[in-house]
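Chemist: In the numbering used here, the protein residues as written are 5 to 250.
Ideal Cβ placement from N, Cα and C applies to all residues, glycine included.
Since the model is a prediction, treat every value here as computed from it, not as a measurement.
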């Protein structure tokens with residue numbers, strides 16, 4: 005396999021889609037910077053990637069802290085000299101009905117799902133503009149296309165991710181050579197549902213008869229977008245389980 009000199013930052017890399025994406029990109033000889041709050045998991049993932057023959061670094065990072073996101077970008081430059089790809093993957097999905105008034109959970113979703121994405125973009129964009137190339141990949145959701153009962157706030161954050169990414173695409177025109185991609189997964193077997201505390205929502209999830217996607221399925225969609233030639237900008241990918249109707 006030819007040497008790939010790209011460097012990718014992946015937030016939420018300690019599990020699920022982020023973990024699978026790190027392994028997928030590393031398998032394509034892309035250097036990965038792993039970012040998440042759980043250092044023990046980051047260490048294990050780094051070792052696994054190195055055992056595969058890949059190159060990985062990590063930085064313990066809270067995406068809701070703008071200073072930590074700035075340090076993540078700086079650390080990546082120090083270790084790998086450049087930033088070619090940012091995968092803004094960190095996210096929360098504590099679905100609930102609005103009349104349950106789970107205000108703390110609303111705040112957490114806004115902080116992680118919207119502010120975290122913005123802080124990531126803000127941290128890497130100066131480096132990408134300087135090198136006149138880059139690719140920002142933001143993870144939205146099918147809930148960013150359609151609202152369901154219980155998804156109002158979560159959907160609001162994911163609609164925001166799509167709006168922010170499309171605005172960025174238009175601002176980073178051809179002269180900047182910075183690509184943008186929105187990835188919209190359907191139901192995926194990850195830890196996301198573990199943040200749901202609304203018992204009515206949990207019952208609905210447990211009663212579903214549908215085979216969810218694996219994290220690897222989304223990782224391969226991300227890899228597809230990354231691997232396109234510089235003049236090809238894959239703007240949005242929706243990936244659902246075949247049986248999912250929304």
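(1) Assign residue 125 to one of two classes, buried (16 or more other C-beta atoms within 10 Å of its C-beta) or exposed (fewer than that).
(2) Assuming residue 63 is part of the beta strand (DSSP E), what are its boundary residues?
(3) Can you list the beta strand (DSSP E) stretches of 3 or more residues lying completely in the segment 39-94, in chain order?
(4) Grouping DSSP H, G and I as helix and E and B as strand, with all else coil, what is residue 37?
(5) Can you round the beta-carbon distance between residue 154 and residue 205 to whole angstroms, since I take them to be within the 8 Å contact cut?
(6) Can you confirm whether the segment 22-41 touches the segment 57-70 when touching is taken to mean that 3 or more C-beta pairs between the two stretches lie within less than 8 Å?
(7) Inspect the beta-carbon positions of residue 189 and residue 215 and report whether they are closer than 8 Å.
(8) Do three or more CB pairs link the segment 45-56 to the segment 68-88 at distances below 8 Å?
(9) In its own chain, which residues sit with a C-beta less than 8 Å from the C-beta of residue 24, not counting the 5 before and 5 after it?
(10) What do you get for residue 113, buried or exposed, if any count of 16 or more other CB atoms within 10 angstroms of its CB means buried?
(11) Is the segment 95-107 touching the segment 151-169 in the sense that three or more CB pairs, one from each, lie closer than 8 Å?
(12) Which residues in the same chain have their Cβ closer than 8 Å to the Cβ of residue 200, if we skip the five residues on either side of it in sequence?
(13) According to DSSP, what are the bridge partners of residue 4?
(14) Could you name the residues of the same chain whose beta carbon sits closer than 6 Å to that of residue 90, not counting the 5 residues immediately before and after it, in chain order?
(15) Label residue 178 either buried or exposed according to how many other C-beta atoms from any shown protein chain fall within 10 Å of its C-beta, with 16 as the threshold for buried.
(16) Compare the beta carbon distance of residue 16 and residue 117 with 8 Å and say whether it is the shorter of the two.
(17) Drop a sphere of 10 angstroms on the beta-carbon of residue 121, count the other beta-carbons inside from all chains shown, and report buried for 16 or more, exposed for fewer.
(18) Leaving aside the five residues before and after residue 202 along the sequence, list all residues of the same chain whose C-beta is less than 8 Å from its C-beta, in chain order.
(19) Terminal residues of the continuous alpha helix (DSSP H) containing residue 170?
(20) Verify whether the separation of the beta carbon atoms of residue 30 and residue 65 is less than 8 Å.
(21) Here's the rule: buried if 16 or more other CB atoms are within 10 angstroms of the residue's CB, otherwise exposed. What is residue 73?
(22) Can you name the residues that DSSP bridges to residue 217?
Modeler: With the given structure in hand:
(1) buried
(2) 60-64
(3) 60-64 and 89-92
(4) strand
(5) 5 Å
(6) yes
(7) no
(8) no
(9) 218, 219, 220, 222 and 223
(10) buried
(11) yes
(12) 97, 98, 99, 100, 206 and 209
(13) Residue 4 cannot be examined here, being either before or after the span of the chain that is shown, 5 to 250.
(14) 13, 124, 128 and 140
(15) exposed
(16) no
(17) buried
(18) 98, 99, 100, 101, 104, 106 and 154
(19) 156-175
(20) no
(21) buried
(22) 192
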